[in-house]
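To keep things clear, I will list the structure first and then write my remarks on it.
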Amino acid sequence: FGIPPFNADTPEAIFAKILSHQGIDWSTLPPISPDARHLIDGLLDANPASRMSFVKTIKTHPFFRDTSFQDCQMDGPLKPSPADPLD
131 FGIPPFNADT
141 PEAIFAKILS
151 HQGIDWSTLP
161 PISPDARHLI
171 DGLLDANPAS
181 RMSFVKTIKT
191 HPFFRDTSFQ
201 DCQMDGPLKP
211 SPADPLD
């Protein structure tokens, strides 16, 4: 969306923003829909218990209401062939 969500001059300041979840100053960015903002905030939630992280949760978010995920399926450019399941 233009800039990294947690941007600062030093690594320490970046880490502090990540931990406090105050990395996005929405007032400095172009306006976006409430659904898009809710989706971004949900994906960046620092709490794993409430973070939007499961495919089903993301796919059913109102931001994607007009998206046909069936039409989006395709093979990736790389198909790894590991010699061992632990590779």
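The opening residue of the sequence shown carries number 131 in my numbering; numbering runs sequentially from there.
Yeah, the Cβ is synthetic: ideal placement off N, Cα and C, and Gly gets one too.
- Here the segment 174-184 does not lie against the segment 206-217, with fewer than 3 beta-carbon pairs under 8 Å apart.
- DSSP places ARG181 in no alpha helix (DSSP H); its state is neither H nor E.
- A direct Cα-to-Cα measurement between ILE154 and THR140 gives close to 16 Å.
- A direct Cα-to-Cα measurement between PRO164 and TRP156 gives close to 11 Å.
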